[in-house]
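In my numbering, each residue carries its 1-based index in the sequence shown increased by 54. Every residue gets a Cβ at the ideal spot worked out from N, C-alpha and C, and that includes glycine.
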Amino acid sequence: MKYLLSFILFCSIVTYGQTAEDYFKKGLSKSNLKDYKGAISEFSQAIELDSNYALSYEHRGYAKNNIQDYNGAKSDYNKAIKLGANRAYVYYARGNSKVFLGQIDSACKDFKKAEKLGFDAALMVKRHCN
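Here you go:
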């Protein structure tokens with residue numbers, strides 16, 4: 055009985071001792087294995103611990119895109135950008151979400167911003183934009 059209580063206490067400490075970075079890394083691993091729902095769960099845990107963790111929003115958006123939750127992905131990319139993730143890929147990925155949502159004009163703005171920041175979005179611009 056004494057060992058069982060010690061084990062339960064140890065497991066509780068280990069679980070509660072995880073950082074946002076720990077959950078983020080687990081999310082990346084799951085995403086790399088194409089376990090997008092598992093990745094979303096891990097990134098969500100990271101965000102719960104640190105609501106300003108822009109990379110977690112960005113990668114959760116990527117995972118949501120892969121399960122066709124385009125509104126959810128767009129929302130996560132919006133949050134990542136708001137938190138300062140002013141990287142070309144985030145705009146490109148948000149543009150892709152918007153294409154699936156039929157928001158072509160807005161998607162084109164994102165693709166053009168991605169190009170301005172150094173991401174080659176020429177194919178998407180050519181395909182969807184005037």
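Would you call residue 109 buried or exposed, if buried means 16 or more other Cβ atoms sit within 10 Å of its Cβ?
Buried, because 16 or more other Cβ atoms sit within 10 Å of the Cβ of residue 109.
For residue 113, tell me which candidate among 147, 136, 125 has the shortest Cα-Cα distance.
Ranking 147, 136, 125 by Cα distance to residue 113 puts 147 first.
Am I right that residue 92 and residue 84 are in contact with their C-beta atoms under 8 Å? What's the rounded C-beta distance?
Confirmed, about 4 Å.
May I ask you to report which of helix, strand or coil DSSP gives residue 122?
Reduced to three states, the DSSP call for residue 122 is coil.
Do residue 124 and residue 22 count as a contact pair if the criterion is CB distance below 9 Å?
Nothing in the structure corresponds to residue 22, since the chain is present only between 55 and 184.
Could you tell me the boundaries of the alpha helix (DSSP H) in which residue 180 lies?
Here the alpha helix (DSSP H) through residue 180 covers 176 to 182.
Taking contact to mean 3 or more Cβ pairs, one atom from each stretch, closer than 8 Å, check whether the segment 93 to 100 and the segment 132 to 147 are in contact.
They do not touch, by the three-pair rule.
Please determine, among 111, 86, 140, 184, the residue with the shortest C-alpha to C-alpha distance to residue 129.
Here the closest residue by C-alpha is 111.
So for residue 87, helix, strand or coil by DSSP?
Residue 87 falls in the coil class under three-state DSSP.
Round the Cβ separation of residue 173 and residue 143 to the nearest angstrom and send it over; I've been treating them as touching at under 8 Å.
That pair is a contact at about 6 Å.
Secondary structure at residue 147, three-state DSSP: helix, strand or coil?
Residue 147: helix per DSSP, three-state reduction.
Taking 8 Å as the limit between beta carbons, can you name the residues of its chain near residue 158, skipping five residues before and five after?
Excluding sequence neighbours, residue 158 sits near 152, 182, 183.
May I ask you to report which of helix, strand or coil DSSP gives residue 139?
Looking at residue 139 - three-state DSSP - the assignment turns out to be coil, as it is neither helix nor strand.
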